[in-house]
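Numbering (UniProt numbering), first residue to last: 1 to 682. Idealized CB from N, CA, C, for every residue including glycine. Below is one structure; the comments refer to it alone.
Pasting the structure below:
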């Protein structure tokens with residue numbers, strides 16, 4: 001059966017057929033959003049390819065040669081490559097049925113001269129395949145707008161350097177109009193019985209007919225534009241894929257020896273990805289400017305310092321500064337330059353000899369980094385990855401309800417860069433975080449002779465940020481300094497007293513609050529244990545006594561045992577039953593009552609603002625694929641704490657002793673291995 005899959009699409013908003021081609025474009029340029037085993041695709045060549053009756057092709061081609069999202073440019077080399085490739089492909093296709101094997105929809109109908117849009121792409125795997133390296137997988141996608149089809153022709157290079165069609169893996173995506181608002185999107189493969197799947201570039205046909213097809217249908221009728229730029233839009237995706245895999249292999253051992261309490265896999269691979277992005281961005285900058293010396297940097301608020309460590313190791317001179325030293329700093333060695341110091345935005349914290357300032361989740365320093373870069377030197381650039389929302393003087397306050405808080409904050413930080421005289425670019429990184437958008441200031445909007453004017457504008461903007469509304473940055477309209485600088489000054493509070501328009505001698509904003517050197521723990525972990533125990537017992541008794549009670553029957557040792565699950569209540573209902581002093585104490589902690597209950601996950605389960613007694617019989621068993629480190633830690637924790645249910649629940653524990661991970665009495669308690677583990681890591 002050649003039909004791989006089909007799905008009906010209802011278009012009530014007149015999105016089709018344009019939405020279909022937009023969806024196809026996503027699959028062409030960003031296949032990783034559907035196929036998670038891919039890092040992306042590099043568009044090698046693109047253009048119009050004419051086809052005449054009998055397979056005669058025109059010698060003229062309009063091709064575009066691109067490189068991973070860095071902007072496309074017309075190039076004769078690209079046209080020649082696409083033309084040569086198209087001639088090779090045409091000789092391998094059957095002369096009848098529009099040059100496509102049946103039952104694919106023939107190109108533009110028999111006997112009709114047509115022009116098609118062809119795209120040559122290279123598929124980039126996310127991970128380096130095991131075994132000997134294989135040549136990159138290439139595909140030629142031919143779009144026939146007249147018939148609503150796009151045909152994917154996989155290509156393999158032979159020993160003579162020519163491309164041959166891998167005919168067993170040809171497939172076609174079709175859009176068919178049915179009636180009124182009804183359409184269908186289908187995927188057809190002419191040789192399904194011979195289909196070859198490597199699980200990466202060539203997924204299984206079932207995946208194409210289910211996963212890909214459903215996404216294409218969804219994208220085809222989605223008309224909501226994205227708030228953010230495409231991922232890795234400023235650098236080469238192909239180069240990123242290679243460098244990232246090299247760095248990931250080089251620094252993967254850091255996961256095994258990570259001494260911090262944070263998740264090692266998230267933080268190690270996130271910093272590897274950020275380092276990859278910066279290394280490629282800086283390499284491209286050196287190429288554009290004809291430089292050979294690698295850029296210097298300062299990472300403000302460097303945290304664990306891993307990003308600094310990687311950049312230093314890769315040949316970039318620089319240092320990281322943070323208010324608090326981390327345990328992992330001692331592991332890096334003398335080649336990694338890290339300083340424990342409080343950064344106060346002012347004249348004492350300028351970096352005139354530094355090429356780039358970095359703000360990687362720099363919290364309260366984030367809006368200040370463009371300012372520090374602007375005042376450090378005319379050649380200083382910056383890269384910020386905003387996370388927590390801070391203004392110049394404290395927490396950021398929302399001013400627009402029509403945007404998400406994240407989008408509004410990004411616009412604010414971008415506007416700060418514009419006020420500081422930077423051409424600000426935005427890009428979305430490929431990191432394991434919900435806050436993935438970076439803002440980059442690589443060049444200035446003004447000549448060096450206007451530095452004093454810009455400096456005065458910056459001061460006015462900062463001083464009036466607290467009391468006046470500001471010009472909102474429209475991402476769709478470029479900011480021109482000469483046209484708009486006066487407007488910004490006026491809206492930011494025109495004329496100020498002379499002493500306020502000058503840069504402060506030492507600190508630019510006396511009210512600035514840096515992070516405290518000793519991090520305060522406010523997640524309920526520092527509360528007295530007897531207080532926590534009292535709250536846990538009170539809430540549990542409330543749930544158990546609530547009517548109607550929920551009961552479950554289970555069989556232990558051949559006897560039927562009815563175990564009281566109690567009721568589930570909202571957090572608001574639970575809070576209403578606690579005394580005022582208890583609530584007041586909980587409110588001083590981040591998350592309050594909810595955090596305390598979640599911390600005691602042995603007893604409670606909190607979901608969607610409601611809390612109920614946890615029934616350990618319903619807990620899913622650990623998957624066999626669970627990482628070895630997590631399995632080991634789970635085994636080390638077995639029977640190291642007393643079972644709350646065995647002691648406090650009126651029906652005891654719902655599990656027999658041998659199945660419960662907690663100790664049923666002091667005689668079952670094992671010594672915790674936690675202290676031993678820390679010694680081993682350090």
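C-beta contact flag for residue i and residue j at 8 Å
{"i": "residue 142", "j": "residue 155", "result": "no"}
{"i": "residue 39", "j": "residue 231", "result": "no"}
{"i": "residue 213", "j": "residue 171", "result": "no"}
{"i": "residue 29", "j": "residue 120", "result": "no"}
{"i": "residue 612", "j": "residue 619", "result": "no"}
{"i": "residue 371", "j": "residue 454", "result": "no"}
{"i": "residue 297", "j": "residue 354", "result": "yes"}
{"i": "residue 281", "j": "residue 234", "result": "yes"}
{"i": "residue 406", "j": "residue 509", "result": "no"}
{"i": "residue 442", "j": "residue 425", "result": "yes"}
{"i": "residue 34", "j": "residue 124", "result": "no"}
Alpha-carbon spacing of residue i relative to residue j, whole angstroms
{"i": "residue 264", "j": "residue 332", "result": "15 Å"}
{"i": "residue 100", "j": "residue 245", "result": "38 Å"}
{"i": "residue 316", "j": "residue 417", "result": "24 Å"}
{"i": "residue 326", "j": "residue 260", "result": "8 Å"}
{"i": "residue 351", "j": "residue 343", "result": "12 Å"}
{"i": "residue 473", "j": "residue 410", "result": "Only weak support is given to the placement of residue 473: the predicted model assigns it a pLDDT of 39, under 50, and the value that follows is read from those uncertain coordinates. C-alpha separation (whole angstroms): 10 Å."}
{"i": "residue 50", "j": "residue 247", "result": "43 Å"}
{"i": "residue 570", "j": "residue 430", "result": "37 Å"}
{"i": "residue 196", "j": "residue 242", "result": "25 Å"}
{"i": "residue 380", "j": "residue 374", "result": "7 Å"}
{"i": "residue 262", "j": "residue 641", "result": "23 Å"}
{"i": "residue 433", "j": "residue 386", "result": "11 Å"}
{"i": "residue 190", "j": "residue 26", "result": "24 Å"}
{"i": "residue 289", "j": "residue 594", "result": "54 Å"}
{"i": "residue 176", "j": "residue 185", "result": "7 Å"}
{"i": "residue 7", "j": "residue 205", "result": "15 Å"}
{"i": "residue 130", "j": "residue 382", "result": "38 Å"}
{"i": "residue 203", "j": "residue 161", "result": "26 Å"}
{"i": "residue 662", "j": "residue 653", "result": "10 Å"}
{"i": "residue 293", "j": "residue 239", "result": "20 Å"}
{"i": "residue 308", "j": "residue 357", "result": "12 Å"}
{"i": "residue 163", "j": "residue 144", "result": "22 Å"}
{"i": "residue 80", "j": "residue 151", "result": "22 Å"}
{"i": "residue 10", "j": "residue 572", "result": "42 Å"}
{"i": "residue 643", "j": "residue 607", "result": "22 Å"}
Distance cut-off 7 Å: residue i Cβ against heavy atoms of the ligand ADP
{"i": "residue 158", "result": "As presented, the structure is devoid of all ligands, the ligand ADP included, so that no description of it is given."}
Span of the beta strand (DSSP E) around residue i
{"i": "residue 384", "result": "381-385"}
{"i": "residue 178", "result": "171-179"}
{"i": "residue 195", "result": "Element bounds for residue 195: n/a, residue is neither H nor E."}
{"i": "residue 461", "result": "Element bounds for residue 461: not the beta strand (DSSP E) but the alpha helix (DSSP H), 451-465."}
{"i": "residue 163", "result": "163-165"}
{"i": "residue 422", "result": "422-428"}
{"i": "residue 365", "result": "Per DSSP, residue 365 belongs to no beta strand (DSSP E) and is neither H nor E."}
{"i": "residue 339", "result": "338-340"}
Residues bridged to residue i [DSSP beta-bridge criterion]
{"i": "residue 142", "result": "118 and 151"}
{"i": "residue 5", "result": "187"}
{"i": "residue 612", "result": "605"}
{"i": "residue 346", "result": "507"}
{"i": "residue 40", "result": "124"}
{"i": "residue 642", "result": "663"}
{"i": "residue 570", "result": "610"}
{"i": "residue 210", "result": "DSSP output for residue 210 lists no bridge partner at all."}
{"i": "residue 398", "result": "Partner(s): none; residue 398 has no beta bridge."}
{"i": "residue 358", "result": "299 and 383"}
{"i": "residue 390", "result": "395"}
{"i": "residue 137", "result": "123"}
{"i": "residue 10", "result": "182"}
{"i": "residue 156", "result": "164"}
Element boundaries [alpha helix (DSSP H), containing residue i]
{"i": "residue 442", "result": "That residue, residue 442, is in no alpha helix (DSSP H); its beta strand (DSSP E) goes 437-444."}
{"i": "residue 29", "result": "18-29"}
{"i": "residue 581", "result": "580-587"}
{"i": "residue 531", "result": "529-545"}
{"i": "residue 411", "result": "405-419"}
{"i": "residue 595", "result": "592-599"}
- Query: Counting only runs that start and end within the stretch 282-329, where is the beta strand (DSSP E) found for 3 or more residues in a row?
  - Reply: 297-300 and 318-322
- Query: Which runs of the alpha helix (DSSP H), 4 residues or longer, sit entirely within the stretch 230-267?
  - Reply: Within the stretch 230-267, the complete alpha helix (DSSP H) runs of at least 4 residues fall at 237-251.
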